[in-house]
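Below: one structure, written as structure tokens.
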Amino acid sequence: MSANHTTKKPNKKTPGPGEDGRCANRKRILTLAVILIAAAGILFAHKGDEIQNLIQSKGIHAEAGVAKAGYKSGGLSPKNLSDKSIRKTVPNYSGQPYRELNGGKPEFRKSEISKKAYERLGDLDRLGRCTGTLACLGREIMPKDGQQRGSISEIHPTGWHSVQYRSVSGGSLYNRCHLIGWQLTGNDAVARNLITGTRYMNVEGMEPFESKVAEYLRSTGNHVMYRVTPVFKGDEAVARGVHMEALSVEDGGRGISFNVYCYNVQPKIKIDYATGESKSTISGDKSGYRTRKNGTTYSSKKLQKHTVKKGQGTKYIVNTNTGKFHYPSCYSVKQMSERNTVTTKESRKQLIAEGYSPCGNCHP
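Just so we're aligned, residue 1 is where the sequence shown starts under full-length UniProt numbering, counting upward by one.
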């Protein structure tokens, strides 16, 4: 090999300045992306804690699901818990147990409407008062055939007094009123669903609407959006009334649609809503009825003298717990506890004279 001969080395491509810049940019972008992803993870975790704290602070509470009773889930928005403006728009009580609001049209948000049954109960407020309920009602969460009502006597809602007056049908001024009626979800002794309500509001105001909804659910299998909100004035212990709304879902409200305010009053009785104490406007009206352990004041002693076996000319079925009498064919009869059921041939007039009242569902 000649000394003058030089071995050629393979050409090594030298990157130009443009390629160096692009490589550096890619590295910077990759680094920035990693930083952003890490920051997003930290922020998400922080927000998750904030949301959880908010849920706890607002008392958002969901009823536990029961396998045979359907699925109940979700939380109750604080916006639904009270509506002080209602008291300003509703006229004073003037003899009617309820008044329509918003032309009778309910005001549910789209996010609340569902075809899947659920029930939400707001937590008690700082004074121990109920705050509100929201539900999508359906047959899947209604009481099953043969299911008996449990005792609610251990619940003492704010303002509760066990007091009786002769001018009150059945005797007792106050009932433990379910915001969402038992016949709709089967809730018994749930403090967040029970308020101190007059018998008048319970029977004349709320029950007709509850029975209408229950009958619709049973006959159609559809769902009904349902909201009941107690309306308090300031820190008073007894609600001035309840705001009830309902809307049938599948038929867009053609079957059920109402928006009403029921007055928590009792004719001829003056109520101190701050304490729950009361006074009759009629001299000598306060009765001497004794209250049984479960808080009821009805007696079946007189009725027992007139009772007959079912199928032998039965005329009425009396529920000594609620003070209602029914036709034997009424759906409510199936839900009665045997110990509270009396079958009688007494006339309608006799039963009313004894303090019982006709069922708002079968209208005997």
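We put the CB at the ideal spot given by N, CA and C, even for glycine.
Remember, predicted model here, so these are calculated numbers, not experimental data.
To the nearest whole angstrom, what separates the beta carbons of residue i and residue j, a pair I think is in contact under 8 Å?
| i | j | result |
| --- | --- | --- |
| glycine 360 | proline 208 | 5 Å |
| serine 357 | valine 203 | 6 Å |
| proline 276 | threonine 196 | Checking the displayed sequence, the identity of residue 276 turns out to be glycine instead of proline. Confirmed, about 6 Å. |
| threonine 344 | valine 318 | 6 Å |
| valine 213 | valine 224 | 5 Å |
| tyrosine 174 | aspartate 285 | Contact doesn't hold; Cβ gap of about 15 Å is too wide. |
| valine 238 | glycine 150 | Not really, about 24 Å apart at Cβ, beyond 8 Å. |
| glycine 205 | tyrosine 98 | 5 Å |
| proline 143 | glutamine 335 | 6 Å |
Taking DSSP's pairing of strands, which residues face residue i in a bridge?
| i | result |
| --- | --- |
| valine 342 | Val318 |
| alanine 135 | Glu119, Tyr226 |
| glutamate 245 | Arg227, Asn259 |
| arginine 99 | Tyr261 |
| cysteine 177 | Ile195 |
| proline 358 | Phe325 |
| isoleucine 269 | Gln266, Ser280 |
| glutamine 164 | Ser172 |
When we look at the beta-carbon of residue i and count the other beta-carbons within 10 Å, is it buried (16 or more) or exposed?
| i | result |
| --- | --- |
| residue 365 | The question about residue 365 has no answer, for the chain in this structure spans 1 to 364. |
| leucine 36 | exposed |
| isoleucine 141 | buried |
| glycine 323 | buried |
| isoleucine 256 | buried |
| arginine 254 | exposed |
| histidine 363 | exposed |
| arginine 126 | exposed |
| serine 278 | buried |
| proline 91 | exposed |
| serine 219 | exposed |
| asparagine 259 | buried |
| serine 329 | exposed |
| arginine 176 | buried |
| asparagine 102 | exposed |
| glycine 171 | buried |
| isoleucine 29 | exposed |
| threonine 131 | buried |
| isoleucine 113 | exposed |
| leucine 351 | buried |
| isoleucine 152 | buried |
| aspartate 145 | exposed |
Going by beta carbon distance, what residues of the same chain come within less than 6 Å of residue i, once the five residues before and after it are set aside?
| i | result |
| --- | --- |
| tyrosine 331 | none |
| glycine 241 | Val231, Tyr261, Cys262, Tyr263, Asn264 |
| glutamine 148 | Ser337 |
| tyrosine 216 | Gly255, Ile256 |
| lysine 185 | The sequence given here places threonine at residue 185; lysine does not occur at that position. So the qualifying residues of the chain are Glu119, Ile141. |
| tyrosine 226 | Ala135, Leu137, Ala246 |
| residue 373 | Lying outside 1 to 364, the shown extent of the chain, residue 373 is not represented and no answer is given. |
| residue 381 | Outside the shown range of the chain (1 to 364) lies residue 381, about which nothing can therefore be said. |
| phenylalanine 44 | Confidence in phenylalanine 44 is poor, its pLDDT being 42 and thus under 50, which makes the residue's placement unreliable; the coordinate value appears in the next sentence. No residues qualify anywhere along the chain. |
| glutamate 100 | Val260 |
| lysine 115 | His223, Val249 |
Report all residues from its chain with a CB closer than 7 Å to the CB of residue i; omit the five preceding and five following residues, and keep chain order.
| i | result |
| --- | --- |
| serine 211 | Gly360, Asn361 |
| isoleucine 155 | Arg176, Ala189, Ala191, Leu194 |
| aspartate 235 | Leu127 |
For the ligand GTP, is there any heavy atom lying closer than 7 Å to the beta carbon of residue i?
| i | result |
| --- | --- |
| glutamine 183 | For the ligand GTP, the structure offers nothing, since it holds no ligand at all. |
Closer than 8 Å by C-beta to residue i: which residues in its own chain qualify, once you throw out the five before and the five after it? Chain order, please.
| i | result |
| --- | --- |
| threonine 341 | Ile317, Val318, Asn319, Thr320, Val333 |
Is the segment 104-114 in contact with the segment 245-265, if contact means three or more CB pairs nearer than 8 Å? Yes, the segment 104-114 touches the segment 245-265.
Assess contact between the segment 184-197 and the segment 122-129, defined as three or more Cβ pairs (one per stretch) separated by less than 8 Å. Is contact present? A contact exists between the segment 184-197 and the segment 122-129.
Taking 8 Å as the threshold, find out whether the segment 128-137 comes into contact with the segment 168-182 through three or more Cβ pairs. The segment 128-137 makes contact with the segment 168-182; the number of CB pairs closer than 8 Å reaches 3 or more.
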